Structure formats: C-alpha cells, structure tokens
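Read top to bottom, the protein sequences are chains U and S. Going by the numbering used here, the first residue of the first sequence is number -4, and it counts up by one from there. Going by the numbering used here, the first residue of the second sequence is number -4, and it counts up by one from there. Glycine included, each C-beta is placed from N, C-alpha and C at the ideal position. Since this is a predicted model, take the numbers as computed values, not measurements. This report refers to the structure that appears directly beneath it.
There are 2 protein chains.
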Amino acid sequence: MEKKYYKIEDVSIKTGLTKRAIRYYEDLNLIAPKRTDSGYRLYTDEDIDKIQKIISLKESLGFSLAEIKAALELDKNVKNILSGESADITTIDNYIDMIKEQIKLINEKSNKLLTAKQRFEELLLKLNKLKDQFKEADTI
Amino acid sequence: MEKKYYKIEDVSIKTGLTKRAIRYYEDLNLIAPKRTDSGYRLYTDEDIDKIQKIISLKESLGFSLAEIKAALELDKNVKNILSGESADITTIDNYIDMIKEQIKLINEKSNKLLTAKQRFEELLLKLNKLKDQFKEADTI
DNA sequence: GTTAACATTAACGTCAAGGTTAATGTAAAA
DNA sequence: TTTTACATTAACCTTGACGTTAATGTTAAC
C-alpha cells in the first residue's frame, strides 16, 4: 500500500495547530517530515499521530516541549530495545527507573486533579441545593 | 486567638516559590497580603494556603495564572453566595454551568493522563519481562 | 550607632512558545 | 500563461512568568 502524504496546511487543519507551531516543533527535532524535491514538507499518518501525542502531552500533563521530547525519546529507545536492539541489563534497569519516575509523576498529577475535581463537585452539589430552595420559595 | 503573620522570606521557604514569584502573583491580584506601616508584606496562614492552591493548580492542571485567577474567583463567588450573599437564579445557573465546565475540563485531562499512564505501564511490563529473560540466560 | 540581614519599588533582561511580516519559490486552475 | 493559492526561510515581535540588578528603606543584633 502506498503511503499517503499530507502537506503542512492539511496537517494544520487535522491537528488544530498553526503552521508556525508545526514548523517550530520541527526546529526542536520533535518531528522530522520528509521533503519534496522542491523542499515542501510531507507528513505521513504516523507523523500526524506523533503530533497528536505531543498535543495531548502538552495539554494534559502541562509538559514543556523539552520534556515531551525527552519522554518521546524514552518511549522510542524502549521500543527499539523491545524490538531486538541489543542492550545490557544496566541500560534496561535505567529505562525501568525512568519509566517508573514518569508513572509516579502522572500519579501525583492525577491525585491533584482528583482533589480539584472533588472541590468543584462539592460546590456544585451545594449550589444545586440552593437552587432547589429557590424553586420551592417560588411555588409557595 | 492572635493571627500569625509571616514575612515574604518565610513564605518563600514554606512554599518553595521565589520572593519574586510571590510578589508577581500579587501584581496579578492573585493574593493580597496585609502590610506593616513601613510597607512590609504580611502573610497569614490562609494566604499561604491560597498560594499552595495556586501552585497545585499550576502544576497539575497546567493552568495559566490568568486561568487560575478565574477559577479562584469563581470559587470565591460561589462561596459568598453559599454563605448568604444575595443572588438571583440566573446567576446561580451561570455559576453551575461554569463549574460543570471546569469539571468537564478536569475529566478530559484525567482521561489523557490515564492513557499516558497506561502506555508507560505497558512498556514497563514488557521491559520487566525482557529483564527476566536476561536473568534466565545468566543462570544457564 | 553602625552593620548585617532583611524589606521595598522600578526597570531592564530572559526564556519558551509561538505570531507576524517580508521576500521569494512552486503548483494548480482559469 | 498568468493569477491564485499554496509553500519556503529569515528575521524580528510578543506574551507570560518570572530572574536580576540597582537604588534605597527598615529592623535586629552586636
């Protein structure tokens, strides 16, 4: 099957990022699209997936682009090892520790999110009660 | 009971923020400490709690300081209403909608965090299996 | 009473993450 | 074939969130 290629404007529409932002991510070596002979950028579906992943990490985790780069590289290195690339046990242990660290970070954020959510839900509950009182008063 | 007051350096130590950042938050009207006659800032425990809340919102939700200000004001307005401040039903409905919006946002972030976490946990599992294979090979 | 360790404001600097503009090249459509 | 709608790089601009420095005031310790 032939690979489909997208030009930057399509990618911009698909992802919601501006063209400037997409080029900027390339400057930071977060993505590396192919080029036509005349220099136009050509993006595959995998490139677009990666951009979506970047957006998700940015928005949900509040990661900086530098942190995202590190996380993506960790992911890639681990996948290379899993698909057969040679590695010694020390390296593997290192990656295990790094992944555990990421998971720990995510758990901390999750807990904080949960706390914030609960505070808002309490307020919501109380406001709804207040509203009910209003309605009762109207019908008396 | 007498209220205890802290000077900016103590607050800096307690919160981990720099004095510059603490003053900056005041510029943005996120906090409003009292002052001594000579102009020194005086922070109460409640001020410090609020700063901790700001830090938490910043780090977990990735909120900007402007967004944090809006969230804190929403929280304060709702609490004022709940403690007796007069309000009509339209206002209450408005606040209910705003809180629901916040909760929705938080849920979206939670889901993304969960996805990211699962991806890392999968990698961790696979890496641990690989490590076990290494150990078996050693003992043969 | 003076020195050290705090505090203040004001102003300029910095860094990340893009926005914007300019000058120019390429591809597709009329 | 010449617009029109794309694309490119380069360079400077902007905004948020502070850092840093300077000039100066205050308080506590000696």
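Residue 87 of chain U belongs to the set of residues whose beta carbon lies under 7 Å from a beta carbon in chain S.
Contact between the stretch 95 to 103 of chain U and the stretch 104 to 117 of chain S is present: three or more C-beta pairs spanning the two stretches fall below 8 Å. Taking residue 128 of chain U as the centre and dropping the five residues before and after it, the same chain places no C-beta closer than 8 Å to its C-beta.
When the five nearest sequence neighbours on each side are left out, the beta carbons in the same chain lying within less than 7 Å of the beta carbon of residue 45 of chain S are those of 26, in order along the chain. Residue 19 of chain U: member of the alpha helix (DSSP H) spanning 14 to 22, first to last residue.
Contact of residue 97 of chain U with chain S is assigned, a C-beta pair being separated by under 7 Å. Here the alpha carbons of residue 71 of chain U and residue 80 of chain U stand approximately 11 Å from one another.
Where residue 71 of chain S is concerned, the enclosing alpha helix (DSSP H) starts and stops at 60 to 77. Counting other Cβ atoms within 10 Å of its Cβ, residue 42 of chain U reaches 16 or more and is therefore classed as buried.
Not flagged as an interface residue toward chain S: residue 63 of chain U, since no C-beta distance is shorter than 7 Å. Rounded to the nearest whole angstrom, the C-alpha separation of residue 69 of chain S and residue 14 of chain S is 27 Å. At least one beta carbon of chain U lies nearer than 7 Å to the beta carbon of residue 73 of chain S. The alpha-carbon of residue 66 of chain U is positioned some 19 Å away from that of residue 56 of chain S. For residue 50 of chain S, not one C-beta of chain U is nearer than 7 Å to its own C-beta. For the pair residue 51 of chain U and residue 107 of chain S, the Cα-to-Cα distance works out to about 7 Å. In terms of Cα proximity to residue 76 of chain S, the closest of U:12, U:0, U:82 and U:119 is U:119.
Membership of residue 44 of chain U in the alpha helix (DSSP H) is indicated by the continuous run 40 to 51.
For residue 11 of chain S, the closest Cβ of chain U is not nearer than 7 Å. The beta carbon of residue 49 of chain U sits closer than 7 Å to the beta carbons of 20, 25 and 63 from its chain, once the five residues preceding and following it are set aside; these are given in chain order. Following the DSSP letters along the chain, one finds residue 4 of chain U inside the alpha helix (DSSP H) bounded by residues 3 to 10. Neighbours of residue 60 of chain S in chain U, taken as residues whose beta carbon is under 7 Å from its own, are absent, since the nearest beta carbon is some 13 Å off. A check of alpha carbon separations from residue 29 of chain S across S:88, S:38 and S:54 identifies S:38 as the nearest. Just measuring C-alpha positions, the residue of S:116, S:90 and S:126 sitting nearest residue 122 of chain U is S:90. Listed along chain S, the residues sitting closer than 7 Å to residue 116 of chain U by beta-carbon distance are 98.
By the rule that beta-carbons nearer than 7 Å mark a contact, residue 78 of chain S does not touch chain U. Under the Cβ distance rule, residue 67 of chain S does not count among the residues neighbouring chain U, no pair being separated by less than 7 Å.
For residue 81 of chain U, not one C-beta of chain S is nearer than 7 Å to its own C-beta.
Across the set S:47, S:116, S:31 and S:18, the C-alpha of S:47 shows the shortest separation from the C-alpha of residue 9 of chain S.
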